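In my numbering, the protein residues as written are 10 to 346.
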């Protein structure tokens, strides 16, 4: 079986020959791993089972002095957070879209070279990623505090903004599904350590309707829907399944009972993630990492699970813990690199 076949079996709720994986790392952590595994390429060492195109973060122009501008016009300060950054200023200083022009969702920046890129990953499960895909796109453009106030003070504007972003996403999805991909992945953090950032009432009123349209565009093309939302959002799982969600990431054990949820939703929803990046990886021993990795692999052996850290592994995680995780996953019976 190819890596793609293993992922397809897992997502279909079958027991795969081994639990597939796809692990991500921050810039600092990846540098440590490259040094550790040199001269082997890190991508070859990891042998991740998910591949694809698009971007989970976005596309940027370097402005110098540690600042970049994304295609929506948002400026990010990357002097501290080198992976994404912190938003500087407001693209939409007032609650209106008047005078703002969205970038072309079908532009060459997103799709040039995609066929060759996918061909190089022919043995992987191929995912087209759209990062900061709805709520996150809105608050990066408007400012988080301003958007939170807009939910109450300017609700018509929030509906207009979110629907405009959803229209943009749907247009890009309809282009993306013309290529040889298996799924579309949307990134959009809604949660915090306890509950939703905006609360369930506002989520259902403002986010759920445009989200439904986005997922429908993917499902109508016969592709799977995958999402990323950090935080305590499991109260939304039934709603998300109802509009077509197939796989949820990052599945944080610090904010939800991952083992209970795997059992409860088996056959209805797959999970990608689950390995603690707030406790076990940074603060546990090598033995702790091995034990928790094995526990997740055992729980996911029946299907509906892709192993991964619960987020991109940070640079302060001891390299021996990262290596222990990788080696334990790759020691599964049935896997041969």
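For glycine and all other residues, C-beta sits at the position ideal for the given N, C-alpha and C. Please read all numbers here as calculations on a predicted model, not as lab measurements.
When DSSP states are grouped into helix, strand and coil, residue 196 belongs to the strand group. Collapsing the DSSP output to three states places residue 327 in coil. Assignment of beta strand (DSSP E) within the region 284-345, counting only whole runs of 3 or more residues, yields 314-318 in chain order.
The beta carbons of residue 335 and residue 59 sit no closer together than 9 Å. Excluding sequence positions up to five before and after residue 192, its CB lies within less than 6 Å of the CB of 136, 232, 233, 235, all in the same chain and listed in chain order.
In terms of Cβ geometry, residue 242 and residue 205 form a close pair [threshold 9 Å].
Shown here, residue 269 sits in a helix according to DSSP, grouped into three states. In this structure residue 182 touches residue 226 by the C-beta definition: roughly 5 Å separates them, less than 8 Å. Taking C-beta separations shorter than 7 Å and ignoring five residues to either side along the sequence, the partners of residue 144 in its chain run 197, 199, 216, following chain order. In the structure shown, the three-state DSSP call for residue 119 is helix.
In this structure the region 17-24 does not touch the region 142-158; the number of beta carbon pairs closer than 8 Å is below three. Between the C-alpha atoms of residue 104 and residue 112 there is a straight-line separation of about 19 Å. Beyond the five residues adjoining it in sequence on each side, residue 287 comes within less than 7 Å, by CB distance, of 263 in the same chain, given in chain order.
The alpha-carbon separation between residue 67 and residue 221 amounts to approximately 22 Å. The beta strand (DSSP E) runs lying completely inside the region 45-81 and spanning 3 residues or more are 59-64, 69-73, 76-79, given in chain order. For residue 61, the CB contacts under 6 Å within the same chain, skipping 5 residues up- and downstream, are 135, 136, 137 in chain order. The C-alpha of residue 195 lies about 33 Å from the C-alpha of residue 295.
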